[in-house]
């Protein structure tokens with residue numbers, strides 16, 4: 112897992128994506144712009160966050176699930 | 062009588078869609094479709110912790126900023142494990158100070174290397190040869206290079222091919238031998254006799270009706 116470590120904690124890049132999604136619903140390209148990560152990394156990471164139940168896809172946009180919001184809120188500002 | 066089974070592997074060809082894949086990499090699970098909208102250089106190397114491959118990875122890392130300016134991503138591949146890739150790139154950074162910024166596919170089951178025809182048994186039955194697949198933003202294969210195990214790749218040529226392809230796409234032109242950005246480009250040859258006759262008056266560098274050049 113590139114976004115979530117085996118211990119369940121987000122990696123640096125996973126944390127950046129969770130933080131970006133705290134502000135609302137965004138496409139992979141928008142998350143890439145907000146995080147400075149390459150689009151391919153964001154697409155792969157969003158897929159991972161979705162499979163882990165931390166984000167939901169609606170069309171081409173992604174938003175945090177309640178579990179994702181909880182994890183994002185626990186990250187240091 | 063013993064039955065002889067022959068496995069036919071089709072090689073990807075220019076102008077065709079790149080074979081899709083989902084692969085374990087040093088940066089997580091990556092699908093080919095994750096690169097839609099970007100150009101991609103998918104390249105294979107024979108093995109981690111080998112001398113020529115190490116020099117190539119350093120060289121790929123060095124041209125990565127130039128590739129990014131052109132909207133191109135890099136993706137390496139060998140049949141080593143992800144742990145081996147991680148150990149190797151950490152070793153490269155420790156010994157040379159060069160960080161490898163792009164992902165590397167751990168193709169242990171040879172799924173991707175088989176789909177792309179990267180194992181050439183005449184060179185090695187177990188390792189991938191030095192392949193370069195240049196895939197455009199629509200996931201079409203635009204150029205393929207194969208280098209033998211003993212010969213490291215030329216990064217200038219890879220950058221030159223990217224520049225040439227993107228220039229051709231943007232301007233509907235072709236590029237002559239040894240072309241470099243800023244050089245004159247080749248105007249597509251005329252399709253009719255009338256067009257051929259008009260060529261001389263069109264302000265191009267006119268060598269003959271079928272070979273005209275212009276500055277962009």
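Protein chains in written order, with the numbering used here: chain R, 112 to 188; chain C, 62 to 277. We treat Cβ as the ideally placed atom computed from N, Cα and C, and that holds for glycine.
1) For residue 100(C), which beta-bridge partners are listed by DSSP?
2) Starting from the beta carbon of residue 144(C), find every residue of chain R whose beta carbon is closer than 9 Å, and list them in chain order.
3) Evaluate contact between the region 71 to 87 of chain C and the region 170 to 188 of chain C, counting only Cβ atoms and requiring at least three cross-stretch pairs below 8 Å.
4) Going along chain C, which residues have a C-beta under 8 Å from residue 121(R)?
5) Apart from the five residues on each side of it in sequence, which residues of its chain come closer than 8 Å, Cβ to Cβ, to residue 115(R)?
6) Mind checking which residues open and close the beta strand (DSSP E) that includes residue 86(C)?
7) Along the chain, where does the beta strand (DSSP E) that runs through residue 79(C) open and close?
8) Per DSSP, what kind of secondary structure is residue 125(C) in: helix, strand or coil?
9) Taking DSSP as the reference, what is the three-state secondary structure of residue 277(C)?
10) Determine, using beta-carbon pairs with one atom in the region 107 to 120 of chain C and one in the region 232 to 243 of chain C, whether at least three such pairs fall under 8 Å.
11) Would you say residue 157(R) and residue 127(R) are within 8 Å of each other, going by their C-beta atoms?
12) Across which residues does DSSP place residue 90(C) in a beta bridge pair?
13) Any idea what DSSP makes of residue 264(R), helix, strand or coil?
14) Would a C-beta distance cut-off of 8 Å place residue 132(R) and residue 181(R) closer than the cut-off?
15) I'd like to check one pair, residue 168(C) with residue 84(C): are the Cβ atoms closer than 8 Å?
16) Along chain C, which residues have their Cβ under 9 Å away from the Cβ of residue 150(R)?
17) Name the chain C residues whose beta carbon is nearer than 7 Å to that of residue 113(R)?
18) Could you please give the first and the last residue of the uninterrupted alpha helix (DSSP H) stretch that includes residue 151(R)?
19) Report the three-state DSSP secondary structure of residue 114(R) (helix, strand or coil).
20) Leaving out the 5 sequence neighbours to the left and right, which residues in its chain are closer than 8 Å to residue 119(C) when beta-carbon positions are compared?
21) For residue 155(R), would you say it is in contact with chain C, using Cβ-to-Cβ distances shorter than 8 Å as the test?
22) When Cβ atoms are compared, which residues of the region 155 to 179 of chain R fall closer than 9 Å to chain C?
Looking at the coordinates:
1) DSSP output for residue 100(C) lists 133(C) as bridge partner(s).
2) Simply none; closest approach about 14 Å.
3) In short, these stretches touch, since the Cβ pair count reaches three.
4) Under the 8 Å cutoff, chain C gives no residues; its nearest Cβ is about 13 Å from residue 121(R).
5) Counting only residues of its own chain and dropping the five nearest sequence neighbours on each side, residue 115(R) has a CB closer than 8 Å to the CB of 121, 122, 125, 159, 160, 163 and 165.
6) 83 to 86 is the extent of the beta strand (DSSP E) around residue 86(C).
7) Careful: residue 79(C) lies outside any beta strand (DSSP E) and carries neither H nor E.
8) Helix at residue 125(C).
9) Looking at residue 277(C) - three-state DSSP - the assignment turns out to be coil, as it is neither helix nor strand.
10) The region 107 to 120 of chain C, when compared against the region 232 to 243 of chain C, does not touch it at the 8 Å Cβ threshold.
11) The answer is no: Cβ separation not under 8 Å.
12) According to DSSP, residue 90(C) bridges with 85(C).
13) Lying before the first or after the last residue shown, residue 264(R) is absent from chain R, which here runs from 112 to 188.
14) Here residue 132(R) is not near residue 181(R), since their CB atoms are 8 Å or more apart.
15) It is a contact, given that the beta carbons lie within the stated cut-off.
16) In chain order, 95, 96, 97, 98, 99 and 134 make up the part of chain C whose C-beta sits under 9 Å from the C-beta of residue 150(R).
17) Here the neighbours are 88 and 89.
18) Segment 150 to 162, the alpha helix (DSSP H) holding residue 151(R).
19) Residue state, collapsed to three classes: coil.
20) Closer than 8 Å at the Cβ level, and outside the excluded window around residue 119(C), lie 153, 157 and 159.
21) For residue 155(R), the answer is yes, since a Cβ of chain C falls inside 8 Å of its Cβ.
22) Cβ contacts with chain C come from 155, 156, 158 and 159.
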